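When you line the sequence shown up against UniProt numbering, it's residues 1 to 133, in that order.
Where is the CB? At the ideal position from N, CA and C, for every residue including glycine.
Remember, it's a predicted structure, so these values are computed and weren't measured experimentally.
This report refers to the structure that appears directly beneath it.
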Amino acid sequence: MTTSPVLTYPRTDKEFILDTDASNEGTGDVLSQKIGNEECVIAYFSRSLGKPERNYCVTRKELLAVVKSIEHFHHYLYGRKIFIRTDHAYLRWLLNFMEPEGQLVRCIQRLQEYDFEIQHRNGISHGNADALS
């Protein structure tokens with residue numbers, strides 16, 4: 001039997017955790033906060049990739065997942081500390097790239113509006129967002 005997910009109201013005194021993942025078909029994201037010893041889910045978000053987006057390389061798809069989820073959860077995240085967890089370790093390096101061009105520049109500029117830190121999370125531990133993508 002399937003049950004509805006239990007969601008929590010966001011707390012303004014807590015930092016946000018955003019788990020993002022991308023596949024060849026779409027992106028999946030989970031917004032949560034750590035309250036006490038428990039990580040509580042606030043909201044879920046997923047979207048299908050358009051035809052051109054399906055041709056992106058893995059890194060671009062993962063970056064797209066981060067940007068689209070931050071845009072979707074803007075009303076929760078703007079002005080707050082965010083820990084972005086991804087199973088794609090390359091994203092941590094990518095945002096410090098010295099001379100980005102084109103779409104990468106636009107994505108980085110969009111993300112610079114937020115106070116965030118990217119953390120790598122291995123695929124086995126990343127099942128919550130992975131299941132949505």
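Reducing DSSP to helix, strand and coil, say where arginine 80 ends up.
-> The count along the sequence shown starts at 1 and reaches residue 80 at position 80. If DSSP states are grouped into helix, strand and coil, arginine 80 belongs with coil.
So which of Ser32, Gln33, Ala22, Leu94 has the shortest CA-CA distance to glycine 50?
-> Locating residue 50 in the sequence shown gives position 50, counting from the first residue. Check the Cα spacing between glycine 50 and each of Ser32, Gln33, Ala22, Leu94: the tightest is with Ala22.
Residue closest to arginine 121, alpha-carbon to alpha-carbon, out of Arg106, Arg85, Tyr56, Arg110 | Locating residue 121 in the sequence shown gives position 121, where the first residue counts as 1. Closest option to arginine 121, Cα to Cα, is Arg85.
Contacts around glutamine 103, its chain only, beta-carbon distance under 8 angstroms, and the 5 residues preceding and following it disregarded | Counted from its first residue, the sequence shown places residue 103 at position 103. If the five residues before and after glutamine 103 are omitted, its C-beta is found closer than 8 angstroms to the C-beta atoms of Arg60, all from its own chain and listed in chain order.
Give me the Cα-Cα distance between residue 135 and valine 58, rounded to the nearest whole angstrom.
-> Residue numbering for the chain in the displayed model covers 1 to 133; residue 135 lies beyond these limits and cannot be assessed.
Looking at the structure shown, is glycine 50 part of a helix, part of a strand, or coil, going by DSSP?
-> Taking the first residue of the sequence shown as position 1, residue 50 is located at position 50. Glycine 50: coil per DSSP, three-state reduction.
Assumed close pair isoleucine 35, leucine 7 - CB separation to whole angstroms, cut-off 8 angstroms = As a working mapping, residue 35 is identified with position 35 in the sequence shown. As a working mapping, residue 7 is identified with position 7 in the sequence shown. Going by Cβ atoms, the distance from isoleucine 35 to leucine 7 rounds to 13 angstroms, so no, they are not a contact pair.
Candidates Glu15, Tyr9, Arg11: closest to glutamate 117 by CA position | Numbered from its first residue, the sequence shown carries residue 117 at position 117. The candidate whose alpha carbon is nearest that of glutamate 117 is Glu15.
Among Ser32, Ser46, Gln119, Glu53, which has the Cα closest to the Cα of arginine 92?
-> Here residue 92 refers to the residue found at position 92 when the sequence shown is read from its first residue. Closest by alpha carbon: Gln119.
Below 7 angstroms CB to CB, which residues in the same chain sit around cysteine 40 once its five sequence neighbours on both sides are set aside?
-> Position 40 of the sequence shown holds residue 40. Listed in chain order, the non-local C-beta contacts of cysteine 40 below 7 angstroms within the same chain comprise Thr8, Ser32, Gln33, local neighbours out to five positions each way being set aside.
Given arginine 54, which residues of its chain have a CB within under 7 angstroms of its CB, disregarding the five upstream and five downstream residues?
-> Taking the first residue of the sequence shown as position 1, residue 54 is located at position 54. Excluding sequence neighbours, arginine 54 sits near Asn24.
Provide the residue span of the alpha helix (DSSP H) that contains leucine 94, from first to last.
-> Here residue 94 is taken as the residue at index 94 of the sequence shown, counted from 1. Leucine 94 -> alpha helix (DSSP H) spans 90-94.
Pull up the distance between the alpha-carbon of threonine 20 and that of phenylalanine 45, whole angstroms please.
-> Taking the sequence shown and counting its residues from 1, the one referred to as residue 20 is at position 20. Taking the sequence shown and counting its residues from 1, the one referred to as residue 45 is at position 45. One Cα belongs to threonine 20, the other to phenylalanine 45, and the distance between them is close to 9 angstroms.
With a threshold of 16 other CB atoms inside 10 Å of the CB of phenylalanine 68, please say whether the residue is buried or exposed.
-> Taking the first residue of the sequence shown as 1, we reach residue 68 at position 68. In the sequence on display, residue 68 carries lysine and not phenylalanine. By the 16-neighbour rule on beta-carbons within 10 angstroms, lysine 68 is buried.
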